[in-house]
Every structure is written in C-alpha cells, then in structure tokens.
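Residue numbers (the working numbering), protein chains in the order written: chain P, 805 to 1070; chain A, -12 to 310.
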C-alpha cells in the first residue's frame, strides 16, 4: 500500500479549494471594517502625501498624484495581501485549523484556497480604489489620470497576479508564526522595504546606482511598473518583462507555500 | 475485523514520552473508551489516529489505511469532535456545516439533506442562521457533534465531548451518540475522564496512565477486578490489623488520611468494621466504580475537572483577549 492509492480526484481537490475560499469570502463580507480601513488609507496617501509633496516634485507628462496612483494601488495590495497571512495564525489559535487539516483535502489545496480567498479580498478593495480613482479623476482632482474601463480591467489582471503572490508570502510567514504579534513584527520587515524600494513614490530610473540592485530585487517594483504601463502608458521596463517577473515570482512562492503548509503542524 | 489497529504506537517529545508503545485493536462497531487523567496521552493518541500528529515510531491503521502513508484515506473514514471548539464563530451554524460538506466533497443535494438531518438531530434547526459567536457553549458543542456526524464516518472520535457542559447538555449529547451508534453501527472512540459516562456508554475501555495501557477490558470485568464494594473511612488512627483479622476485607489501604477497604457485601459488615477500626469521623459505602478501578491500577485518584479549565472557559478567555 503506497501513496499512489491515497490520491484525491482533481474534482475533489477543486471542491476543497472552493470550500476554503467559501469560508474566507463569508468572513470578508461579514467584517466590513476591514474593507473600510483598506480604502481610507490609500486615499490619505494619495491626497495628503501626494497633494502635499506633489507640489515640489515634477515628473514630465503627469502630475505627481497621477504618477503615484498605480504605486498606491500596489501599496494597498501589498499591505492587505501580506496581512492576510495573519488569519492562518488566528485559525490555529481558535483551533479552526484542525477542522480543515483533518478533512480529506491536501495541504496544497488548503494553501491554494487561502490564496484565492485572500486575492479575492484584495481585488475587491482594488476595484473600489480604481472606481473611486476614476471618479476623482473625472471630478478634476487628479487632472492627468484617465481611468477607462479597459485600463481598470488591465490593472485588475496585473493586481490579481500581484496579490496572489503576495498573499502566498503572507501565508508562508503566517505558517511559521505562533502568535499574531510575532506575525506583525516579521511582516513589517517585509512590508516597508518592499514598499519603499518599489518605486511606488518615485521613478525607478532616477535612483542612485548603489540602490538599483535592491530596487530591481523587489518584486513589487515590477507590479508598480506594470500598473504604470497600463494606467499611465509609461514604464521603465516593458510590460511583458514585468508580467514575466511577476509570474515567475508567483510560481516560486506558491511552491514554497505548499511546502510550508505541508510542514505546518497544529 | 479490527477497524483500528495500533502497533507499538509511540509519540515522544524530547525527553517526554506522551504515548508509549501502544498496541491495541478496536473492532468494528465498538464503543471504545480511553480513560485517564489529564496528560495521560489520550489526546495525543487521538491526534495521531486523526493524522494531525505524526507518530515518532510504531504503526497504526484506521479502516485498513496506514496513518502515515495514506492520511487522506484515513481522513475520509473518520469524523472527530475536538476537545476545544473548532468551528468558525464568524460563520452561522448552517455555514459551518456547508463548509464541512464542501471539505468532504459531498454533492449539493446530499449535503443539504444531511445538514437538515443533523441540525434536527441536535435541535439546532431554529438557530441555524445564527452566527456561532452568539451560541451558548452547549449549542456550539452540539453543532460540532452534528458536523462530526454529517459525513457518516466509519469511525467517530470524541475527545472529551462533554467537558465543561452542564449535566443536561451532557445527557442530550449522549442520547444523540447512542442513537447514532444504534442506527449506523459507527465505531466510536471516546476519551473522557467522567467515569460514569465511560461506564455507561463503552463496551470496552482502556485505562491509560503515563502513555501506557494499564488495563483493558469491559467496564464490568474491570470493576470485578476490584471486587465488591468500597468502604471509605476517615479516621485519625485506624486499627487496620483488627479490620484485617475480621476476615471479610479483600484489600485495605490508607491514603491521604483516608482508609479504603474493599469488602464483599459491605452493607452487612459495616457494624463489625466500625467496631474493629476504632473511632471514625465519617464512613461511606459504594459499589466499586471505574474510579476505584483507576485507583486500583494507578494508585492515584482521577480528578473530574482539569486544571486548565474547560474549553468553554478558554473560549471566553480567547474572546475577551481579542477585543
């Protein structure tokens, strides 16, 4: 009797992923304060930081607020996606994780279900931000930003790729953490460097040479660049290169995440 | 055929041996009890049998599947009600059951039918759309029992399912479980430290202490080992030799300021015992219980409440700490 006799049908695995997603969606819809908080902060960045600093920065072709809009989208995605990893710590703390781990689904499916769940939450936030951004642009508050439905759809595709990878990173951290406090501490070591190095607030081409390797090593750089390509029509790399890097990063972290969930004990 | 087989199953944490070389068979349809004090290794054994913990050494099979090599097949065969509540308290009762149905890949019509059935079984139909946060401890436990039964497992593991519940809720839960065993011939593995429950429900039980089986038999046979009645006396300076000289006492022991005598037909001998032993503060006579069996094998009393408190209290603590 070997492992070969212990496999599940693909259909069973997909139902399992759907089950985990179902639960995450129900929790998301029920905890509305999470959504509100994730919408308010990006707009503070956009109008208070962008509006204040923007007067002293000039980037050819666009106003500073329009320039950082894709960066702020990426930032909101970064924070909500990584923080989603804390829920695996909670699941363990409230013992709910046992119910899932004792069910006949593989750990990979548990992981993928969580990724899809976290990505859904983040994309709902992004959609709201994009629509509000379009409204603000139409009202003349961000004059050079033009968000057509086509651009919003392209941005959401890039964000889907980005959030899936970042949720995976959050879950990997969460799977190693015993307490929510520990998670917060460790995740902040990821969040702030990833955000500040990503070029969300400055053009990547202008960074000093010594900083460039770090900027290039930050996966979020490519998400910001791709979002600028589809929303503003300007980018440092080509869109294809950005998407390629993001996809490769996603494959890598999903692999690591599946392993992390297999070794996770309750 | 044995539905559960343990072969030298062992779990070791650094220097602590939680489960020590357990070998045991449970037959199909048995109501089997694992008895022991806190920390005896009951829960660790259950965690291994439900694939949540990997054994350090030894083997075990559930429903014919190897725990380590075929965990998914094992998980398909089992249902479990954990010691601590493991439902999601932001979901409703119905949503928790639906999630369970999805996790066990039940087709939608079957899933909905079973949800209706088990909600009916545990009297939660009227509260199915209430968020679990607002359930009482007893309701939540009933929900988890419903969930454990919903996919009709071959083996149902119940880990202290009535810990911290009031006597009425405990009665309810046992009525449901007994009905299930009668209807479905489900094998039940129960861990408890409520002796009366184990006595009434289990057709066989293992007494576990320090990770080892110290006794394994039917409740009646186990009680027969102790034999007769137990007379407990509180007295300052008992004359045990005089009591032994009466020739009616099978066993006389002195522990924690109390004297325990095992006597056949104690009621007709109490007067003689009292006369022989000297001045007595109090006396109690009762038929041998599983508690006496436990004392007989381990030399220790089995307490009825855990030191860390019941799961209901822990839930309360958790909730107040998250606010």
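Even glycine gets a Cβ: it sits at the ideal position worked out from N, Cα and C.
It should be emphasised that the depicted structure is a prediction, and the values quoted were computed from it without experimental measurement.
- Query: Quick one: what's residue 269 of chain A bridged to in DSSP?
  - Reply: A/221
- Query: Is any beta-carbon of chain A found at less than 8 Å from that of residue 831 of chain P?
  - Reply: yes
- Message: Just to confirm the assignment: which complete alpha helix (DSSP H) runs, minimum length 4, are found wholly within the region 882 to 932 of chain P?
- Response: 890 to 897, 900 to 905
- Hey, out of P/845, P/921, P/896, P/1016, whose CA is closest to residue 822 of chain P's CA? P/921
- If we cut at 8 Å on Cβ distances, does residue 264 of chain A have a partner in chain P? no
- Task: Please determine, among P/1027, P/1000, P/1026, P/1028, the residue with the shortest C-alpha to C-alpha distance to residue 1015 of chain P.
- Result: P/1000
- Query: Does DSSP classify residue 1026 of chain P as helix, strand or coil?
  - Reply: helix
- Any residues in the region 895 to 927 of chain P with a beta carbon nearer than 9 Å to a beta carbon of chain A? Which ones, in chain order? 895, 897, 898, 899, 900, 901, 902, 903, 904, 905, 906, 907, 908, 909, 910
- Query: Three-state secondary structure (DSSP) at residue 121 of chain A?
  - Reply: helix
- Query: Roughly how many angstroms lie between the CA atoms of residue 1040 of chain P and residue 814 of chain P, to the nearest whole one?
  - Reply: 41 Å
- Query: Is there a Cβ from chain P that is less than 8 Å from the Cβ of residue 82 of chain A?
  - Reply: yes
- Query: From which residue to which residue does the alpha helix (DSSP H) around residue 281 of chain A run?
  - Reply: 277 to 285
- Which of helix, strand or coil does DSSP assign to residue 145 of chain A? strand
- Query: At a cut of 8 Å, does the region 21 to 30 of chain A reach the region 104 to 118 of chain A through at least three beta carbon pairs?
  - Reply: no
- Smallest Cα separation from residue 1031 of chain P: which of P/934, P/1065, P/942, P/919? P/934
- Any chain P beta carbon closer than 8 Å to residue 71 of chain A: yes
- Can you list the residues of chain A that residue 1052 of chain P reaches, using a CB-CB cut of under 8 Å? Ordered by position in chain A, no residue passes the 8 Å Cβ test against residue 1052 of chain P, which lies about 31 Å from the chain.
- Do residue 820 of chain P and residue 892 of chain P have their C-beta atoms closer together than 8 Å? no
- Task: Entirely within the region 944 to 991 of chain P and at least 4 residues each: give me those alpha helix (DSSP H) ranges in chain order.
- Result: 953 to 980
- Note down, in chain order, every chain P residue with its Cβ under 8 Å from the Cβ of residue 63 of chain A. 908
- Task: Note down, in chain order, each residue of its chain lying with its Cβ closer than 7 Å to the Cβ of residue 213 of chain A, except the 5 sequence neighbours on either side.
- Result: 249, 275, 279, 280, 283
- Report yes or no: is there a C-beta of chain P within less than 8 Å of the C-beta of residue -1 of chain A? no
- Give a yes or no on contact between the region 117 to 126 of chain A and the region 141 to 160 of chain A, applying the rule of three or more CB pairs nearer than 8 Å. yes
- Query: Helix or strand or just coil, what does DSSP make of residue 17 of chain A?
  - Reply: coil
- Item | For residue 172 of chain A, the three-state DSSP class (helix, strand or coil) | coil
- Item | Local conformation of residue 44 of chain A per DSSP, three classes | strand
- Task: Buried or exposed for residue 826 of chain P, please, with buried defined as at least 16 other CB atoms from any protein chain shown within 10 angstroms of its CB.
- Result: buried
- Message: Measuring only the C-alpha atoms, how far is residue 257 of chain A from residue 222 of chain A?
- Response: 15 Å
- Message: Please classify residue 992 of chain P as buried or exposed, where buried requires at least 16 neighbouring CB atoms within 10 angstroms.
- Response: exposed
- Item | Pairwise C-alpha distance: residue 1010 of chain P and residue 844 of chain P | 30 Å
- Between the region 953 to 972 of chain P and the region 846 to 864 of chain P, are three or more C-beta pairs nearer than 8 Å? no
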